[in-house]
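**Student:** Okay, handing you the structure first.
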Amino acid sequence: MSLRPILYYQPLFNQYVGLRRYTLSVFHFSSLFLWKDYFEFDFQVIDDYLCVFAKHEFGTFLYLPPLGRELNGSIVSQCFDELNRRNSKRSFSRIENVSQEDLKFFDSQKYRAFKKSQEYVYRKEDLTRLKGNRFKSKRSSFNQFVKGNNYSIRPFEKSLKEDCLSLFQRWARNRKGITEDQVYNAMLEENEHTNSLIFENFDELGLRGLVVCVDQKPEAYTFGYPLNDEVFCVLVETTNLDIKGLSVFIFSRFCADESLSQYQYINVMDDFAMENIAKTKQSFHPTALNPSYVVTERE
Numbered sequence: 006m007s008l009r010p011i012l013y014y015q016p017l018f019n020q021y022v023g024l025r026r027y028t029l030s031v032f033h034f035s036s037l038f039l040w041k042d043y044f045e046f047d048f049q050v051i052d053d054y055l056c057v058f059a060k061h062e063f064g065t066f067l068y069l070p071p072l073g074r075e076l077n078g079s080i081v082s083q084c085f086d087e088l089n090r091r092n093s094k095r096s097f098s099r100i101e102n103v104s105q106e107d108l109k110f111f112d113s114q115k116y117r118a119f120k121k122s123q124e125y126v127y128r129k130e131d132l133t134r135l136k137g138n139r140f141k142s143k144r145s146s147f148n149q150f151v152k153g154n155n156y157s158i159r160p161f162e163k164s165l166k167e168d169c170l171s172l173f174q175r176w177a178r179n180r181k182g183i184t185e186d187q188v189y190n191a192m193l194e195e196n197e198h199t200n201s202l203i204f205e206n207f208d209e210l211g212l213r214g215l216v217v218c219v220d221q222k223p224e225a226y227t228f229g230y231p232l233n234d235e236v237f238c239v240l241v242e243t244t245n246l247d248i249k250g251l252s253v254f255i256f257s258r259f260c261a262d263e264s265l266s267q268y269q270y271i272n273v274m275d276d277f278a279m280e281n282i283a284k285t286k287q288s289f290h291p292t293a294l295n296p297s298y299v300v301t302e303r304e
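Numbering (the working numbering), first residue to last: 6 to 304.
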């Protein structure tokens, strides 16, 4: 099992993930690092593929499909053999975060796939220009913020982490105040820990961060990372909900940042199966919805 700090495995992960072009947001090392306190990760090379096993109280699963060259039936079978060896019940064994294009490597006679979520992907130009009738309300919100506030934009740096954490805590209290959904409120608590990890480790993880200050006070921040040579993924975004138009402004300006100039598409991850989040992400008119699947063995 992996005994070294998880960042030790980042070069190995990047080596193997770089052998193919991936489209789902989890194919970046930050997706492992930010869950390191919830799962025990084990990195094992099997038949020249990197397999990332994740263990928790209910057993072990493969966090990602085997990383490396194109998948095949042999490596899939070997992974399930290893999972079944580690688990007390075969029903615990599964491979998560399988993309639509990789489903063909799982024999439908032996495996079954369940849609887990879908990720929202946009044309970057749509988000930076907010042009046309489709974006009329977004453009109005953007302009309302610009006209009504004394603001500045700056890259995130660690000196801002306490202010940004305080902003997240205020945002979370506001969110908790409008719902009694226990799952959602638990997710808010997890996200506070996740955001703290981001603030402290953003540079090591290769994340890019942007902060919007209003009257010299941080009132919004966002972080993301390159997923491949065409797609940039937005990982988190938090804003002061009392400032109208700020969320549209920071999203659009982050996409327009010079450091993102090479990317044509923006992935904003999934909607966590929550209607309000799905509604917001749909309102920016995605050009694609990329599904993610969980694969198990047939009984």
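Don't be surprised by glycine CBs; every beta carbon is placed ideally from N, CA and C.
Using the beta-carbon count (16 or more within 10 Å), is residue 227 buried or exposed?
**Tutor:** buried
**Student:** Quick one: what's residue 160 bridged to in DSSP?
**Tutor:** In the DSSP output, where bridge partners are listed per residue, residue 160 has 215.
**Student:** Distance check for residue 302 and residue 250, CA to CA, integer angstroms please.
**Tutor:** Here the C-alpha atom of residue 250 lies approximately 47 Å from the C-alpha atom of residue 302.
**Student:** Taking C-beta to C-beta, are residue 241 and residue 268 nearer than 9 Å?
**Tutor:** no
**Student:** Just to confirm the assignment: which complete alpha helix (DSSP H) runs, minimum length 4, are found wholly within the segment 199 to 281?
**Tutor:** 251 to 260
**Student:** Near residue 261, what residues of its chain come up, given a Cβ to Cβ distance below 6 Å and the 5 sequence neighbours on each side ignored?
**Tutor:** Counting only Cβ-Cβ distances below 6 Å, and skipping sequence neighbours, we find 133.
**Student:** Apart from the five residues just before and just after residue 6, which ones in its own chain have a Cβ nearer than 6 Å to its Cβ?
**Tutor:** Residue placement at residue 6 is poorly supported in this model, since its pLDDT is 46, which falls under 50; the coordinates still yield a value, given next. Once the five neighbours on either side are set aside, the close Cβ partners of residue 6 are 47.
**Student:** Hey, could you find the ends of the beta strand (DSSP E) residue 123 is sitting in?
**Tutor:** Unbroken beta strand (DSSP E) run through residue 123: 116 to 128.
**Student:** Between the alpha carbons of residue 33 and residue 209, how many angstroms are there, rounded?
**Tutor:** 13 Å
**Student:** Nearest to residue 215 by alpha carbon, out of 259, 70 and 28?
**Tutor:** 259
**Student:** Provide the residue(s) that pair with residue 56 in DSSP beta bridges, ordered along the chain.
**Tutor:** Under DSSP, the beta-bridge partners assigned to residue 56 are 49.
**Student:** So for residue 62, helix, strand or coil by DSSP?
**Tutor:** coil
**Student:** What's the gap between the Cα of residue 20 and the Cα of residue 119?
**Tutor:** 29 Å
**Student:** Taking only the alpha-carbon atoms, compute the straight-line gap between residue 128 and residue 256 and give it to the nearest angstrom.
**Tutor:** 13 Å
**Student:** Label residue 126 either buried or exposed according to how many other C-beta atoms from any shown protein chain fall within 10 Å of its C-beta, with 16 as the threshold for buried.
**Tutor:** buried
**Student:** One question on the structure: do residue 273 and residue 239 come within less than 9 Å of each other, judged by their Cβ atoms?
**Tutor:** yes
**Student:** With H, G and I counted as helix, E and B as strand and the rest as coil, what does DSSP make of residue 101?
**Tutor:** Note: residue 101 maps to strand in three-state DSSP.
**Student:** Can you name the residues that DSSP bridges to residue 298?
**Tutor:** 103 and 120
**Student:** If we count the other Cβ atoms within 10 Å of its Cβ and call it buried at 16 or more, is residue 123 buried or exposed?
**Tutor:** Result: buried.
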